[in-house]
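Written below as structure tokens is the structure these notes are about.
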Amino acid sequence: MTTATVQFVRKTAVTAPGVEAQAMVARLQSGVPDRETLRRILATDLADEVEVIRQAAEQALLTHCGDTVRLRGLIEFSNRCTLDCYYCGIRRSNRAPTRYTLALDEIVETARWCGEQGYGSVVLQSGERRDEKFAAFVTEAVRAIKAATRSDALREGVGITLCVGEQSPETYAEWYEAGAHRYLLRMETSSPRLFAALHPAEQRYASRVDCLKTLKAIGYRVGTGVMIGLPGQTVDDLVDDLFFFRDIGADMIGMGPYIPHEQTPMHSASVRDVPARMTLALRMIAATRLLLPSINIAATTALQTLAPDGREQGLRYGANVIMPQATPLHVRREYTLYDGKPCLDDSAGQCAACLEGRITSVGRRILRDQWGDATRRV
Numbered sequence: 079m080t081t082a083t084v085q086f087v088r089k090t091a092v093t094a095p096g097v098e099a100q101a102m103v104a105r106l107q108s109g110v111p112d113r114e115t116l117r118r119i120l121a122t123d124l125a126d127e128v129e130v131i132r133q134a135a136e137q138a139l140l141t142h143c144g145d146t147v148r149l150r151g152l153i154e155f156s157n158r159c160t161l162d163c164y165y166c167g168i169r170r171s172n173r174a175p176t177r178y179t180l181a182l183d184e185i186v187e188t189a190r191w192c193g194e195q196g197y198g199s200v201v202l203q204s205g206e207r208r209d210e211k212f213a214a215f216v217t218e219a220v221r222a223i224k225a226a227t228r229s230d231a232l233r234e235g236v237g238i239t240l241c242v243g244e245q246s247p248e249t250y251a252e253w254y255e256a257g258a259h260r261y262l263l264r265m266e267t268s269s270p271r272l273f274a275a276l277h278p279a280e281q282r283y284a285s286r287v288d289c290l291k292t293l294k295a296i297g298y299r300v301g302t303g304v305m306i307g308l309p310g311q312t313v314d315d316l317v318d319d320l321f322f323f324r325d326i327g328a329d330m331i332g333m334g335p336y337i338p339h340e341q342t343p344m345h346s347a348s349v350r351d352v353p354a355r356m357t358l359a360l361r362m363i364a365a366t367r368l369l370l371p372s373i374n375i376a377a378t379t380a381l382q383t384l385a386p387d388g389r390e391q392g393l394r395y396g397a398n399v400i401m402p403q404a405t406p407l408h409v410r411r412e413y414t415l416y417d418g419k420p421c422l423d424d425s426a427g428q429c430a431a432c433l434e435g436r437i438t439s440v441g442r443r444i445l446r447d448q449w450g451d452a453t454r455r456v
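167 is the number that the working numbering gives to position 89 of the sequence shown; each next residue is one higher, with no gaps.
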């Protein structure tokens with residue numbers, strides 16, 4: 079073998095497809111993650127490298143969380159909102175949706191149905207309101223759901239996640255005492271610059287961060303998340319998001335690709351194309367799993383909006399939570415945060431059957447009759 083041939087073989091071995099990705103994964107899992115490694119994981123579009131990263135994230139999930147998928151029955155109980163976020167389809171300035179709030183009995187019956195399906199947990203989601211009437215209504219709903227869903231399998235009733243925005247510490251504490259134990263408050267971005275571009279001036283970045291800290295101090299398991307592929311968002315912004323998840327001590331992450339809504343000010347803003355946003359979102363899921371291996375990560379509906387098998391792909395990249403649609407059909411079309419939302423005409427039963435097939439198709443199984451909290455606090 080000539081010297082030139084030896085040099086060629088050595089060079090090929092060092093730069094073989096996936097080798098550098100393996101090194102990046104090893105650095106990330108060493109316990110001392112660095113910005114450049116995360117940046118390269120998010121930035122690569124080389125198929126061989128992406129597959130190495132995906133496999134590593136999936137293995138981290140299986141090692142730390144097992145092969146089960148946690149279900150959270152999603153009940154969008156009101157689309158009334160006092161905020162005016164520039165990207166959101168239920169912003170207060172949008173006059174297109176018919177505003178609604180489900181009756182308490184319908185919310186409780188929907189939650190009871192979720193418990194009977196073995197979901198183990200529900201998410202109560204709505205637009206943001208901070209009036210006393212709303213706070214009292216949520217308290218009553220939480221207590222009623224807890225009472226109605228106790229069973230031999232769930233002696234304390236279904237687990238309840240609230241996703242109803244910024245509130246006072248007193249209101250958060252009241253809901254916690256009523257029986258809610260998880261709270262999802264998405265930042266949408268950890269960048270103050272981007273946050274200001276997404277929201278009117280009266281919505282303050284610092285206030286939202288303070289709410290997350292208050293929720294943790296009260297005792298909630300806290301979820302947050304971001305949109306991926308926002309106008310003006312950089313890979314470095316996403317790296318900052320990852321460190322934000324870690325530093326805030328999040329127990330769950332719900333994030334997905336940014337999808338415009340035609341009735342919002344941001345609809346015409348320039349964004350990455352659909353394949354680019356989709357693949358970036360998947361790499362973000364993988365990076366989160368590698369950085370925070372025991373955390374719960376949702377395979378969001380937005381993934382399915384951009385690709386028919388989007389949620390399955392999310393599971394294969396490290397997600398382990400799915401939120402089956404349980405919102406009653408007669409109001410479901412009025413709760414569209416972005417264009418193209420799927421499952422608007424499928425019954426809750428159809429959604430349940432569909433998701434079970436999706437989950438088993440990627441070699442995973444459903445965790446039934448358990449709350450499905452993260453395996454340890456992060």
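Every residue, glycine too, gets a C-beta built ideally from N, C-alpha and C.
Since the structure is predicted, the reported quantities are computational estimates derived from the model, not experimental observations.
Please report the Cβ distance between residue i and residue j, rounded to the nearest whole angstrom; I am assuming they are in contact, meaning their Cβ atoms lie under 8 Å.
i: residue 219; j: residue 185; result: 5 Å
i: residue 401; j: residue 376; result: 6 Å
i: residue 229; j: residue 150; result: The pair is not a contact, with the Cβ atoms about 17 Å apart (cut-off 8 Å).
i: residue 379; j: residue 420; result: 6 Å
i: residue 264; j: residue 302; result: 6 Å
i: residue 368; j: residue 213; result: Residue 368 to residue 213, Cβ: 39 Å. No contact.
i: residue 452; j: residue 351; result: Not quite, the Cβ-Cβ distance comes to about 34 Å (not below 8 Å), so this is no contact.
i: residue 268; j: residue 304; result: 7 Å
i: residue 342; j: residue 169; result: 7 Å
Taking 7 Å as the line, does the beta carbon of residue i fall inside it for any heavy atom of the ligand SAH?
i: residue 203; result: For the structure depicted, the ligand SAH is absent and the ligand set is empty, with no information on it obtainable.
Quick check on residue i: buried or exposed, where buried means 16 or more other Cβ atoms within 10 Å of its Cβ?
i: residue 299; result: buried
i: residue 430; result: buried
i: residue 311; result: buried
i: residue 390; result: buried
i: residue 411; result: exposed
i: residue 439; result: exposed
i: residue 82; result: With a pLDDT of 40 at residue 82, under the threshold of 50, the modelled position of that residue is not reliable, and the figure given next carries that caveat. When all chains shown are included, residue 82 counts as exposed.
i: residue 319; result: buried
i: residue 407; result: exposed
i: residue 425; result: exposed
i: residue 180; result: buried
i: residue 445; result: buried
i: residue 233; result: exposed
i: residue 262; result: buried
i: residue 203; result: buried
i: residue 161; result: buried
i: residue 248; result: exposed
According to DSSP, is residue i part of a helix, a strand, or is it coil?
i: residue 281; result: coil
i: residue 241; result: strand
i: residue 370; result: coil
i: residue 262; result: strand
i: residue 234; result: coil
i: residue 353; result: helix
i: residue 330; result: strand
i: residue 174; result: coil
i: residue 179; result: strand
i: residue 401; result: coil
i: residue 187; result: helix
i: residue 363; result: helix
i: residue 119; result: helix
i: residue 335; result: strand
i: residue 108; result: coil
i: residue 133; result: helix
i: residue 410; result: helix
i: residue 84; result: Low confidence applies here, because residue 84 scores a pLDDT of 35, under 50, leaving its location unreliable; read the following figure in that light. Helix, per DSSP.
So, for residue i: in the same chain, excluding its five sequence neighbours on each side, which residues have a beta-carbon less than 6 Å away from its beta-carbon?
i: residue 103; result: 134
i: residue 347; result: 309
i: residue 418; result: 383
When the Cα of residue i is compared with those of the options, which residue comes out closest?
i: residue 227; options: 239, 205, 258 and 193; result: 193
i: residue 241; options: 205, 382, 383 and 276; result: 205
i: residue 98; options: 251, 320, 115 and 380; result: 115
i: residue 280; options: 392, 384 and 164; result: 164
i: residue 403; options: 189, 372 and 110; result: 189
i: residue 357; options: 366, 372, 388 and 370; result: 388
i: residue 208; options: 391, 158, 128 and 180; result: 158
i: residue 107; options: 440, 371, 378 and 417; result: 371
i: residue 415; options: 340, 130 and 331; result: 340
i: residue 448; options: 235, 177 and 258; result: 235
i: residue 409; options: 140, 153 and 250; result: 153
i: residue 291; options: 203, 323 and 173; result: 323
i: residue 129; options: 172, 100, 273 and 111; result: 100
i: residue 397; options: 413, 364 and 111; result: 364
Going along the chain, which residues of its own chain have a beta-carbon closer than 7 Å to the beta-carbon of residue i, five neighbours each way excluded?
i: residue 118; result: 102
i: residue 436; result: 389 and 390
i: residue 277; result: 163 and 164
i: residue 272; result: 308, 310, 311 and 315
Skipping 5 residues on each side, what residues in its chain have a beta carbon closer than 8 Å to that of residue i?
i: residue 306; result: 316, 333, 334, 335, 336, 355, 358, 359 and 362
i: residue 443; result: 145, 146, 147 and 437
i: residue 121; result: 313
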